[in-house]
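A.B. asks: The structure's right below; bear with me while I get my questions together.
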Amino acid sequence: MVRYIGMDVHREFAQLAIVEDGLLRDAGRIGVTPGALRLWADTLLADDQVALEATGNSDAIANLLVPLVGRVVVSNPSKTRAIAEAKVKTDKVDSRILAQLLAADFLPPVWLPDERTRALRRQVMRRAHLVRQRTRIKNQVHAILTRNLVPTPPVSDLFGRAGRHWLAKQQLPDDERATVAAPSRHCCGSWTSTATSWRSWTRNSLPRP
């Protein structure tokens, strides 16, 4: 008989509930460290089904469980809440609700990417974060130059070697000079490192002709 297991996952623990033979019961709490999850996973059966909502750590948990059970469903939280409200008359989604919705095959799953895809996603997110950070730094430096009546830079890239050399020669108050110097070095170094890493990822990820 298939067991339907709901996992209400938090940062440090997961609350469990099981539907078995049509009966719903609480199944306690487990830690969500790799060791604790593996100990619990050893108690699972090959035809068990497990459901959890998509959270920051759901991919890691799901990938640990996928080889060990019949099915793992990571559900879309907003859609799950709407379905729970319609089917079970509650807007609170916990382990018991997840187990019930899984048993009834009502859960809307999200796609589970493989490790290569997850790694590329993380790289894209890091690059997007650095682009936003770099834009903020550039705007901050240009604002400092404007309020200190510094003329328009004679270079196209203010953060390139020539641009940084030009910046270092400008007359600025000590606090403004420190503000300009630190982010300029950080921006240039971080961007160069990430750009190199991004080119490597692109070469390894895109299909070859």
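Residue numbers 59 to 267, in our numbering, belong to the letters of the sequence shown in order. In this text, a Cβ means the ideal position worked out from N, Cα and C, and glycines have one as well.
Opposite residue 111 in the DSSP bridges: which residues?
C.D. replies: According to DSSP, residue 111 bridges with 133.
A.B. asks: Flag residue 98 as yes if its beta-carbon sits less than 8 Å from any beta-carbon of chain D, otherwise no.
C.D. replies: No chain D appears in this structure, which consists of one protein chain only.
A.B. asks: Determine which residues share a DSSP beta bridge with residue 231 and list them.
C.D. replies: DSSP lists no partner for residue 231.
A.B. asks: With residue 66 as the anchor, note down where its beta strand (DSSP E) starts and where it stops.
C.D. replies: 61-67 is the span of the beta strand (DSSP E), which, as asked, contains residue 66.
A.B. asks: Could you pull out every unbroken beta strand (DSSP E) segment of at least 3 residues lying fully inside the segment 80-106, listed in chain order?
C.D. replies: Runs found: 81-89.
A.B. asks: Using C-beta distances below 7 Å, list every residue in its chain close to residue 105, excluding the 5 sequence neighbours before and after it, in chain order.
C.D. replies: These residues qualify, in order along the chain: 60, 128.
A.B. asks: Have a look at residue 211 and residue 220 and give me their C-alpha separation to the nearest angstrom.
C.D. replies: Those two C-alpha atoms are separated by around 10 Å.
A.B. asks: In chain order, which beta strand (DSSP E) runs of at least 3 residues are fully inside the segment 119-206?
C.D. replies: Segments of the beta strand (DSSP E) lying fully in the segment 119-206: 129-133.
A.B. asks: Could you tell me the distance, in whole angstroms, from the CA atom of residue 90 to the CA atom of residue 143?
C.D. replies: The straight-line gap from Cα to Cα measures roughly 28 Å.
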